[in-house]
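Each residue of the sequence shown is one higher than the one before, counting from 14 in this note's numbering.
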Amino acid sequence: MKRSLLLASVIAALLVASLAAAKDKPAGDKTAKEEPKNTNSQYFTPETVTTNGTVTVEGTRVDYRAECGTIVVHPKGWDDAAPKPDKDSKADAEDRNPDAEASMFYVAYFKNGAEATKRPVMFLFNGGPGSATVWLHMGAFGPRRVITADDSHTPAAPYDIVNNDYSLLDVADLVFIDAPGTGFSRIAGKNAEKSFYGVDADAHAFAEFITAFLSRYGRWNSPKYIFGESYGTPRAAVLVNMLQGGYALDINGVVMLSQILNFDLSVDDAESNPGMDLPYVVALPTYAATAWYHHKLPGDAPATLDAFLDEVKAFASGEYATALLKGAQLSDDERKAMAEKLHGYTGLPVAYILKANLRIDGGEFEKNLQDDTDTTTGRLDSRFSGPTLDPLSKEAEYDPQSAAIASAYVSAFNEYARKTLKFGHDRTYKPFAGLWRKWDFHHNQPGQFGGGDLGVCPFAGLWRKWDFHHSQPGQFGGGDLGVCNTMPDLAMAMKQNPGLKVLLTGGYFDIATPFYEGWYEMQHLKIPAKLQSNITYHYYQSGHMVYAHQESLKAIHDDVAAFVRSTNNIKK
Numbered sequence: 014m015k016r017s018l019l020l021a022s023v024i025a026a027l028l029v030a031s032l033a034a035a036k037d038k039p040a041g042d043k044t045a046k047e048e049p050k051n052t053n054s055q056y057f058t059p060e061t062v063t064t065n066g067t068v069t070v071e072g073t074r075v076d077y078r079a080e081c082g083t084i085v086v087h088p089k090g091w092d093d094a095a096p097k098p099d100k101d102s103k104a105d106a107e108d109r110n111p112d113a114e115a116s117m118f119y120v121a122y123f124k125n126g127a128e129a130t131k132r133p134v135m136f137l138f139n140g141g142p143g144s145a146t147v148w149l150h151m152g153a154f155g156p157r158r159v160i161t162a163d164d165s166h167t168p169a170a171p172y173d174i175v176n177n178d179y180s181l182l183d184v185a186d187l188v189f190i191d192a193p194g195t196g197f198s199r200i201a202g203k204n205a206e207k208s209f210y211g212v213d214a215d216a217h218a219f220a221e222f223i224t225a226f227l228s229r230y231g232r233w234n235s236p237k238y239i240f241g242e243s244y245g246t247p248r249a250a251v252l253v254n255m256l257q258g259g260y261a262l263d264i265n266g267v268v269m270l271s272q273i274l275n276f277d278l279s280v281d282d283a284e285s286n287p288g289m290d291l292p293y294v295v296a297l298p299t300y301a302a303t304a305w306y307h308h309k310l311p312g313d314a315p316a317t318l319d320a321f322l323d324e325v326k327a328f329a330s331g332e333y334a335t336a337l338l339k340g341a342q343l344s345d346d347e348r349k350a351m352a353e354k355l356h357g358y359t360g361l362p363v364a365y366i367l368k369a370n371l372r373i374d375g376g377e378f379e380k381n382l383q384d385d386t387d388t389t390t391g392r393l394d395s396r397f398s399g400p401t402l403d404p405l406s407k408e409a410e411y412d413p414q415s416a417a418i419a420s421a422y423v424s425a426f427n428e429y430a431r432k433t434l435k436f437g438h439d440r441t442y443k444p445f446a447g448l449w450r451k452w453d454f455h456h457n458q459p460g461q462f463g464g465g466d467l468g469v470c471p472f473a474g475l476w477r478k479w480d481f482h483h484s485q486p487g488q489f490g491g492g493d494l495g496v497c498n499t500m501p502d503l504a505m506a507m508k509q510n511p512g513l514k515v516l517l518t519g520g521y522f523d524i525a526t527p528f529y530e531g532w533y534e535m536q537h538l539k540i541p542a543k544l545q546s547n548i549t550y551h552y553y554q555s556g557h558m559v560y561a562h563q564e565s566l567k568a569i570h571d572d573v574a575a576f577v578r579s580t581n582n583i584k585k
């Protein structure tokens, strides 16, 4: 079974099937305190609904205004001064079709009475690609959050939706954005999917959204932050460089949660990229943390997780990396000795490790760690476990954490959006749009013409035209995701704006985007050594969605709040 590299920040395709199908119509023009009605207009029209609320954050009351609505954006190259086609003309039907456009849904929270230049604004989004931002909104930093079980399946409705003691409204105004085609966001027009479903096209849409938002709400001179989770981290890297370069808009800080900038480092289906052994190296500390949590380590358990992980990281980047580098030159005795050491850090049987040639994909680890009890280990959060769907399968066939908490998040937001925000009564909210099979992972890195993902064909004059995507044997959709690397984008942004600060956060129990992977990427950014001090790291005993563990939610709130206070450039 082949899975998406980043079904990120959650949730399996079964979510979509659980939602009732509905016919979506472009929205009519309205700014009011009630739900605007849809029309059959050929073009999307921006809209806004306003409500008010109060949240108490760690004992401090914050009164706020919620602005819930849509902003219409267009693909790169769109001319806002060009006349729209005349539907009554005799032009060809193709010429009468509207250009591609996206109606991007957002919920913005503004602290009442705050001065714009003294109030930071933070733009937050989840990943996927194809995930709405319901997870960060209802689980992490919105004014209300849903309560879920810590490491087991949350019982069915009714769910508890409570005041969020750890909302970031204490330090910044918040803008939660649904990517085109997800949540209440929609796309339309000629070549709409091609125009929005890709690394660069997606980042451009977000850049257009942010600049339009700053104009709509008069926030150009506010301190600005970007918060991306999972696939939202490569989006953030491309976006911050795009904003600072193409839009002359400097950003104060970027927060990365569960980072993956270089898809070659993904341990999902890493066997499809032979010769690239780093995914196994950077995933090993997460495997070890997971085995520690589930009491699968042989012998006495380590006294503390942090000290144990320091030992595993040293082994992974030292002995283990050296052994993998040898490839077929590794002797039988060396191979057996390495398998014994991996058994000590992962709890997997020595015979299995040898059969896997010392290289265990994420799905294989999830399936086999607790296979003796027909139990599958979680991917997004390996603290979670669930019944194995097929005891004979090679790797995990679902994610127990996704199955455990998805209903709570989706149900809570649908309730909150309609009853509290007064939006979406006749619309379907798409928490996960399943876009990864359609996604264009080709990416034009800074300073490169025609894409920075080829690098293999120097002659014949065709490389700029050549499609290097390749469907490897036995793969659905091809083994071509590993070409995407947005590390150069973040590096360029940090060099062009030496004051840009980055906060990297992650969970020890995240197999989807292992914490050591993000650390490795940051340590290999092509930036001057002095700029490394602009990067701060915080890790938590949680998973991909760090905030799903309440103690970690408080910790990440405090870390992000401190980051904003120290970088907002507001004169005291």
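Here a beta-carbon is modelled for each residue, glycine too, at the ideal position from N, C-alpha and C.
DSSP bridge partner residues for tyrosine 119 (one or two, in chain order): Gly82 and Ile190
Cβ contact check for the region 260-273 and the region 361-371: 3 or more pairs under 8 Å: Flag = no, the region 260-273 and the region 361-371 do not touch.
Rounded C-alpha distance that separates histidine 562 from alanine 334: 32 Å
Which of helix, strand or coil DSSP assigns to tyrosine 550: strand
Boundaries of the beta strand (DSSP E) in which serine 579 is found, first to last residue: Serine 579 -> not in any beta strand (DSSP E); alpha helix (DSSP H) instead, spanning 563-580.
Between the CA atoms of alanine 416 and isoleucine 524 - distance to the nearest angstrom: If you take the alpha carbons of isoleucine 524 and alanine 416, they lie about 16 Å apart.
Contacting residues, own chain, Cβ-Cβ under 7 Å from glycine 464 (five flanking each side not counted): Its pLDDT being 44, under 50, glycine 464 is placed unreliably in this model, and the value from its coordinates should be taken loosely. Around glycine 464: His455, His456 and Asn457.
Element boundaries [alpha helix (DSSP H), containing proline 247]: 245-259
DSSP-derived helix/strand/coil call for proline 444: coil
Lysine 43 in three-state terms, based on DSSP: Residue placement at lysine 43 is flagged as unreliable, the pLDDT there being 40, under the threshold of 50; the coordinate-derived value follows with that caveat. Looking at lysine 43 - three-state DSSP - the assignment turns out to be strand.
Per-residue burial, histidine 590 [other beta carbons within 10 Å of its own, 16 or more giving buried]: Residue 590 lies beyond the stretch modelled for the chain, which goes from 14 to 585, so this question has no answer here.
Complete runs of the alpha helix (DSSP H) confined to the region 299-331 [at least 4 residues]: Entirely contained in the region 299-331, the alpha helix (DSSP H) runs reaching 4 residues are, in chain order, 318-328.
Chain-order list of residues whose beta-carbon lies under 6 Å from that of histidine 551 (same chain, five-residue window excluded): Thr518 and Asp572
Inter-residue CB distance, alanine 218 and alanine 115 (contact presumed, cutoff 8 Å): Taking C-beta atoms under 8 Å as the contact rule, alanine 218 and alanine 115 qualify, at a distance of about 6 Å.
Nearest to leucine 337 (by Cα), restricted to the options Ala302, Lys380, Met289 and Lys309: Met289
DSSP beta-bridge partners of arginine 199: Ser116
7 Å Cβ shell around glutamate 128 - same chain, five flanking residues per side excluded: none
Cutoff 7 Å; reference serine 235; Cβ partners in own chain excluding five residues on either side: Ala129, Thr130, Arg132, Pro133 and Val134
Short Cβ contact (8 Å threshold) for methionine 351 with phenylalanine 222: No, they are not a contact pair.
Opening and closing residue of the beta strand (DSSP E) in which tyrosine 238 lies: 237-242
Contact check, valine 280 vs proline 298, beta carbons under 8 Å: no
Opposing strand residues paired with arginine 158 [DSSP bridges]: Val175, per the DSSP bridge assignment.
Nearest to asparagine 370 (by Cα), restricted to the options Ala283, Thr390, Val251 and Ala261: Ala283
Spatially closest choice to glutamate 408 from Asp387, Gly194, Lys309 and Phe426, by CA coordinates: Asp387
Sufficient close CB pairs (3 or more, under 8 Å) joining the region 193-203 to the region 168-175: no
Own chain, CB closer than 8 Å to lysine 539, minus 5 neighbours either side, in chain order: Met500, Pro501 and Ala504
Cβ contact check for the region 120-127 and the region 177-194: 3 or more pairs under 8 Å: The region 120-127 is in contact with the region 177-194.
Short Cβ contact (8 Å threshold) for leucine 322 with valine 295: no
C-alpha gap between threonine 64 and aspartate 263, whole angstroms: 31 Å
Neighbourhood of lysine 567 by C-beta, 6 Å cutoff - its chain only, sequence neighbours within 5 removed: Tyr179
Simplified DSSP assignment, three categories, for methionine 535: helix
Contact check, arginine 242 vs glycine 140, beta carbons under 8 Å: Just to set this straight, residue 242 is glutamate in the shown sequence, not arginine. Cβ atoms of glutamate 242 and glycine 140: closer than 8 Å.
Those residues which DSSP pairs with asparagine 65 across a bridge: Arg78
Residue interval of the alpha helix (DSSP H) (run including valine 423): 413-432
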